[in-house]
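Q:
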Amino acid sequence: MFTPVLQIRNLSKTFVNHEKPVLDGLNLTIQKGEFFSLLGPSGCGKTTLLRMIAGFEHQDQGEIILDGVPLSRDSSPRERPFNIVFQKYALFPHMSVFDNIAFGLRAKKVPETQVKTQVHEMLQLTKLVGFESRLPTTLSGGQAQRVAVARALVNKPRILLLDEPLSALDLKMRAHMQKEIRDLQQQLGLTFIYVTHDQEEAFALSDRIAVMNEGRIEQVDQPLALYDEPKSLFVARFVGNITEIPTQQITESEGPFVQILSHGLQLKGKPQKIQKTQKNAELANMAIIRPERIDLEIGREVPPYYNRLKGKVVRSVFRGTYVEIEIQISDGLRLQALIPPHEVEKNKIKEGDLIPLCFDPEDTIVFMGDQI
Amino acid sequence: MRTARVGLSAWIPLIWFFTFLVGPILYLVVLSLAKKGLYGGVDWVFQFSNYERVANQLYLEIFLRSFQMALLTTLFVLILGVPLAWSIATLKGAWKKICLFLVLAPFLMNLVVRVYSLKYLFSYDGPVQFLVRVFGFQLDQYQLSQNQYLVFWGMVTTYLPFAVFPLLVAFEKLNYDQIEACEDMGASSMMTLWKVILPQVRPALASGSLMVLVPSFGEFLIPDMLGGAKTMLAGNLITEQFLKNRDWPFGASLSVILILLLGLCAYFIHRWGRIRV
Numbered sequence: 556m557f558t559p560v561l562q563i564r565n566l567s568k569t570f571v572n573h574e575k576p577v578l579d580g581l582n583l584t585i586q587k588g589e590f591f592s593l594l595g596p597s598g599c600g601k602t603t604l605l606r607m608i609a610g611f612e613h614q615d616q617g618e619i620i621l622d623g624v625p626l627s628r629d630s631s632p633r634e635r636p637f638n639i640v641f642q643k644y645a646l647f648p649h650m651s652v653f654d655n656i657a658f659g660l661r662a663k664k665v666p667e668t669q670v671k672t673q674v675h676e677m678l679q680l681t682k683l684v685g686f687e688s689r690l691p692t693t694l695s696g697g698q699a700q701r702v703a704v705a706r707a708l709v710n711k712p713r714i715l716l717l718d719e720p721l722s723a724l725d726l727k728m729r730a731h732m733q734k735e736i737r738d739l740q741q742q743l744g745l746t747f748i749y750v751t752h753d754q755e756e757a758f759a760l761s762d763r764i765a766v767m768n769e770g771r772i773e774q775v776d777q778p779l780a781l782y783d784e785p786k787s788l789f790v791a792r793f794v795g796n797i798t799e800i801p802t803q804q805i806t807e808s809e810g811p812f813v814q815i816l817s818h819g820l821q822l823k824g825k826p827q828k829i830q831k832t833q834k835n836a837e838l839a840n841m842a843i844i845r846p847e848r849i850d851l852e853i854g855r856e857v858p859p860y861y862n863r864l865k866g867k868v869v870r871s872v873f874r875g876t877y878v879e880i881e882i883q884i885s886d887g888l889r890l891q892a893l894i895p896p897h898e899v900e901k902n903k904i905k906e907g908d909l910i911p912l913c914f915d916p917e918d919t920i921v922f923m924g925d926q927i
Numbered sequence: 164m165r166t167a168r169v170g171l172s173a174w175i176p177l178i179w180f181f182t183f184l185v186g187p188i189l190y191l192v193v194l195s196l197a198k199k200g201l202y203g204g205v206d207w208v209f210q211f212s213n214y215e216r217v218a219n220q221l222y223l224e225i226f227l228r229s230f231q232m233a234l235l236t237t238l239f240v241l242i243l244g245v246p247l248a249w250s251i252a253t254l255k256g257a258w259k260k261i262c263l264f265l266v267l268a269p270f271l272m273n274l275v276v277r278v279y280s281l282k283y284l285f286s287y288d289g290p291v292q293f294l295v296r297v298f299g300f301q302l303d304q305y306q307l308s309q310n311q312y313l314v315f316w317g318m319v320t321t322y323l324p325f326a327v328f329p330l331l332v333a334f335e336k337l338n339y340d341q342i343e344a345c346e347d348m349g350a351s352s353m354m355t356l357w358k359v360i361l362p363q364v365r366p367a368l369a370s371g372s373l374m375v376l377v378p379s380f381g382e383f384l385i386p387d388m389l390g391g392a393k394t395m396l397a398g399n400l401i402t403e404q405f406l407k408n409r410d411w412p413f414g415a416s417l418s419v420i421l422i423l424l425l426g427l428c429a430y431f432i433h434r435w436g437r438i439r440v
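From first to last, the protein sequence lines are chains A and B. Numbers in our numbering are just positions in the first sequence, counted from 1, shifted up by 555. Numbers in our numbering are just positions in the second sequence, counted from 1, shifted up by 163.
1) Tell me where the alpha helix (DSSP H) around residue 256/B begins and ends.
2) Less than 8 Å between the beta carbons of residue 637/A and residue 716/A, yes or no?
3) Excluding the 5 residues flanking residue 196/B on each side, which residues of the same chain have their C-beta closer than 6 Å to its C-beta?
4) Please decide whether residue 639/A counts as near chain B, where near means a Cβ-Cβ distance under 8 Å.
5) On the CB-based measure, 16 or more other CB atoms within 10 Å of its CB, does residue 175/B come out buried or exposed?
6) Starting from residue 371/B and walking both ways along the alpha helix (DSSP H), at which residues does that stretch end?
7) Compute every distance between the C-beta of residue 251/B and the non-hydrogen atoms of the ligand MG, then say whether any falls below 7 Å.
8) Does any residue of chain B have a CB that is nearer than 8 Å to the CB of residue 631/A?
9) Looking only at C-alpha atoms, which of 226/B, 232/B, 323/B and 400/B sits nearest to residue 265/B?
10) Quick one: does residue 164/B have its CB under 8 Å from some CB of chain A?
11) At 7 Å on the CB atoms, spell out the chain A contacts of residue 366/B, in chain order.
12) Using C-beta distances below 7 Å, list every residue in its chain close to residue 782/A, excluding the 5 sequence neighbours before and after it, in chain order.
13) Just grab the DSSP bridge partners of residue 721/A for me.
14) Give the straight-line distance between the Cα atoms of residue 581/A and residue 812/A, rounded to the nearest whole angstrom.
15) Can you tell me whether residue 443/B is buried or exposed, with buried defined as 16 or more other CB within 10 angstroms of its CB?
16) Examine chain B for any beta-carbon lying closer than 8 Å to the beta-carbon of residue 737/A, and answer yes or no.
17) Output, in chain order, the set of chain A residues within a Cβ distance shorter than 9 Å of residue 159/B.
18) Could you check what DSSP says for residue 748/A in three-state terms: helix, strand or coil?
19) Can you tell me whether residue 784/A is helix, strand or coil according to DSSP?
20) In the structure shown, what three-state DSSP assignment does residue 923/A receive?
21) Are there 16 or more other CB atoms within 10 angstroms of the CB of residue 411/B, so buried, or fewer, so exposed?
22) Who are the near neighbours of residue 391/B in its chain, counting only those whose CB is closer than 6 Å to its CB and skipping five residues on each side?
23) Is the segment 281-296 of chain B touching the segment 325-342 of chain B in the sense that three or more CB pairs, one from each, lie closer than 8 Å?
24) From which residue to which residue does the beta strand (DSSP E) around residue 766/A run?
25) Take residue 566/A and list the residues in its own chain whose beta-carbon comes closer than 6 Å to its own, dropping the five residues that flank it on each side.
26) Pull out every residue of the segment 336-351 of chain B whose Cβ sits closer than 8 Å to any Cβ of chain A, in chain order.
27) List in chain order: all unbroken beta strand (DSSP E) runs of 3+ residues lying wholly within the segment 642-683 of chain A.
28) Measure the C-alpha to C-alpha separation of residue 414/B and residue 321/B and round it to an integer number of angstroms.
29) For residue 998/A, count the other beta carbons within 10 Å of its own beta carbon; 16 or more makes it buried, fewer makes it exposed. Which is it?
30) Is there a C-beta anywhere in chain B that falls below 8 Å from the one on residue 663/A?
31) Taking the alpha-carbon of residue 646/A as reference, which of 695/A, 679/A and 680/A has the nearest alpha-carbon?
32) Alpha carbons only, please: which of 331/B, 177/B and 307/B is nearest the one belonging to residue 267/B?
33) Assign residue 814/A to one of three DSSP states: helix, strand, or coil.
34) Counting only the same chain and skipping the five closest in sequence on each side, list residues whose C-beta sits under 8 Å from that of residue 841/A.
35) Please tell me whether residue 332/B has its Cβ less than 8 Å away from any Cβ of chain A.
36) Give me the chain A residues within the contact set of residue 375/B, using Cβ-Cβ distance strictly less than 8 Å, ordered along the chain.
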């Protein structure tokens, strides 16, 4: 059902004068027509990977395969059927919107009559009709963004590459442009590869997300799977909020769960095996729980296998849709929970109170090294 | 209060402009229509004979030669200045500061001293000719000094910084993503240069050229010191009328013509340098 359009095999690159590789044996398969995001903190190699696909950087090792045919390592961006939307748009300030969009066609010596019709198609697609004679400096951020997308799309790329294209916009405009970009992608059925460090943006847009860290892929998954079943502590930490529970002892338990001992507490959790290397040794034997998965036990039918805790409220902050509560469970363990305001109201919870909490072991993920 | 201040601040530059630029030029025009006095003074007799004298082939040749020299200087300054400005623009941190200082360094020294040192460098007693002799070459000492090539070189080195600065600013403002965008859209290097880079640096090329062409057209110090008696340029011709021949009205008419020619050059360069859409 899915056909791979782009395959990345064992891609490695070390910049001159750098000790660490930017890309470290990276593998990835991107399906035709999917919205694929590369997500990671700055310096994780996501932009380098995108630039390497576009042809601006060249790998030391590995292959980039398009439709089953490896791209020549040294082929330039001119020869590759991809187009990129730059982070700061890189529009030509001395050219009108029309000329900006027409640039790629004119570079390919397309007859001027065809240029006109194709540019007009793009203007319609990106809702820029009426702006064709404007200069980029007279456009708003969102409009400039649309010109940048139109200028890339007019070349009919096999894949559209986007390098943090919304980072220059304010919050509201960004949310609006996210919808537009997603709609555009659905409408065209084109493969998009989207680089971002903003996990919410990646969630809102993507069919699948690759979380990158130090030149490697940590996990490739659909947004929900990434959130609910992080395969590594790095992914759990990077995507959404978590409370980390260091465990002193892990024992097998009945069913799908393991029993953990943390600061004298007995808890159950879902085991997640991780490859224990020297680098992530301290990450093993850590359990995590997301704050919104912790509930107040009061007035609730709690299944018997649930984890139950009692703790003292240290801090309570009203955030509008929820109340962020910090609970001291024991000396070394403090949990964060997001409780609906009406529950806080009803039970008159305030700082200093001792409150009972519960959460599903299914939501408690225990990262374990290979040895047990 | 507020309007009064705005009014005043608008008047000050106007007063300056008329007192120190328009006024002297008008005086020059009036002077050019007067007559040389018997003892080197000015007879205020209205007449056109000074302009008739300019139409002499000798003087026209001097103007033409000056214009050629100025054009050639501008061209060479751009040939040297564009790569220099580009490379400085791409530098970062301390190296950039050092290079900027080196471009500015000549201004720390008086022009006369700089030109004199260039004169000495290539003179018969200077190190260059000394080395030539040491290596056993015999040559006429004026092949290396006191000629128009040295005048040309003196002008190029003197005016180079004037062009480098506007170009540097333009190159720094240039967004390198745009060049990558060109490549991404399949544009050739030539198309990138002509359609994307040149239109954006054209105003800087124009102002840089103007900063070189205008002063080098009227230059008199450099040809005087480096050219010996052989290289007479428009600037020297004018200086001579004012100082040696004591013929102020004729000098003034030559100046007026030089100003008109410069104005014409400035107009065309400015027109070329406008940002076009």
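Just so you know, even glycine gets a beta-carbon here, dropped at the ideal spot from N, CA and C.
A: With the structure as the only source:
1) Within the second sequence, the letter at position 93 stands for residue 256/B. Unbroken alpha helix (DSSP H) run through residue 256/B: 256-267.
2) Within the first sequence, the letter at position 82 stands for residue 637/A. Within the first sequence, the letter at position 161 stands for residue 716/A. Yes, these two residues count as a Cβ contact at 8 Å.
3) For this step, residue 196/B is matched to residue 33 along the second sequence. The residues are 209.
4) For the purposes of this step, residue 639/A is taken as the residue at position 84 of the first sequence. Chain B, which has a Cβ nearer than 8 Å to the Cβ of residue 639/A, makes this yes.
5) Position 12 of the second sequence, counting from 1, holds the residue named residue 175/B. Residue 175/B is exposed by the Cβ-count criterion.
6) As a position in the second sequence, residue 371/B is number 208, starting the count at 1. Residue 371/B -> alpha helix (DSSP H) spans 361-380.
7) As for the ligand MG, it is missing from this structure, which has no ligand bound.
8) Your numbering for residue 631/A matches position 76 in the first sequence. With 8 Å as the cut-off, residue 631/A counts as an interface residue toward chain B.
9) The residue given as residue 265/B occupies position 102 in the second sequence. Nearest option by C-alpha distance: 323/B.
10) As a first step, residue 164/B must be located in the second sequence, where it is residue number 1. Caution is warranted here: a pLDDT of 45 is assigned to residue 164/B, below 50, making its placement in the model unreliable, and the coordinate value is therefore given only provisionally. So, not an interface residue.
11) Start at 1 with the first residue of the second sequence, and residue 366/B comes out as number 203. Within chain A, no residue comes near residue 366/B; the closest Cβ sits about 10 Å away, beyond 7 Å.
12) Translated into the one-based positions of the first sequence, residue 782/A becomes position 227. For residue 782/A, where only same-chain residues beyond five positions count, the Cβ hits under 7 Å are 794 and 795.
13) As a first step, residue 721/A is located in the first sequence; it is residue number 166 there, counting from the start. Per DSSP, none; premise fails for residue 721/A.
14) Within the first sequence, residue 581/A is the residue found at index 26, counting from 1. Within the first sequence, residue 812/A is the residue found at index 257, counting from 1. Those two C-alpha atoms are separated by around 32 Å.
15) Nothing can be reported for residue 443/B: it is not among the residues displayed for chain B, which extend from 164 to 440.
16) One-based indexing of the first sequence puts residue 737/A at position 182. It does not; no Cβ of chain B falls within 8 Å.
17) Because chain B in this structure spans residues 164 to 440, residue 159/B falls outside the shown range and cannot be described.
18) The residue given as residue 748/A occupies position 193 in the first sequence. Reduced to three states, the DSSP call for residue 748/A is strand.
19) Your numbering for residue 784/A matches position 229 in the first sequence. Residue state, collapsed to three classes: coil.
20) Here the question's residue 923/A lines up with position 368 in the first sequence. Strand.
21) For the purposes of this step, residue 411/B is identified with residue 248 of the second sequence, where counting begins at 1. Looking at its Cβ environment, which holds 16 or more other Cβ atoms inside 10 Å, residue 411/B is buried.
22) Translated into positions along the second sequence, residue 391/B becomes position 228. Cβ neighbours of residue 391/B beyond the five flanking positions: 309.
23) no
24) Translated into the one-based positions of the first sequence, residue 766/A becomes position 211. Looking at the DSSP string, the run of the beta strand (DSSP E) that includes residue 766/A is 763-768.
25) For the purposes of this step, residue 566/A is taken as the residue at position 11 of the first sequence. 578, 581, 614 and 617.
26) 338, 340, 341, 343, 344, 345, 346, 347, 348, 349, 350 and 351
27) none
28) For the purposes of this step, residue 414/B is identified with residue 251 of the second sequence, where counting begins at 1. For the purposes of this step, residue 321/B is identified with residue 158 of the second sequence, where counting begins at 1. Between residue 414/B and residue 321/B, the C-alpha separation is close to 26 Å.
29) One cannot answer for residue 998/A here, as it falls past the ends of chain A, which runs 556 to 927.
30) Numbered from 1 along the first sequence, position 108 holds the residue referred to as residue 663/A. Chain B contact via Cβ: present.
31) Here residue 646/A refers to the residue found at position 91 of the first sequence. Of the candidates 695/A, 679/A and 680/A, the one whose C-alpha sits nearest the C-alpha of residue 646/A is 695/A.
32) In the second sequence, residue 267/B corresponds to position 104, counting from 1. Ranking the options by Cα distance to residue 267/B, first place goes to 331/B.
33) Position 259 of the first sequence, counting from 1, holds the residue named residue 814/A. Reduced to three states, the DSSP call for residue 814/A is strand.
34) Translated into the one-based positions of the first sequence, residue 841/A becomes position 286. So the list reads 788, 799, 800, 801, 802, 921 and 922, once near-sequence residues are dropped.
35) As a first step, residue 332/B must be located in the second sequence, where it is residue number 169. No - not a single Cβ of chain A is within 8 Å of the one on residue 332/B.
36) Position 212 of the second sequence, counting from 1, holds the residue named residue 375/B. Ordered by position in chain A, no residue passes the 8 Å Cβ test against residue 375/B, which lies about 24 Å from the chain.
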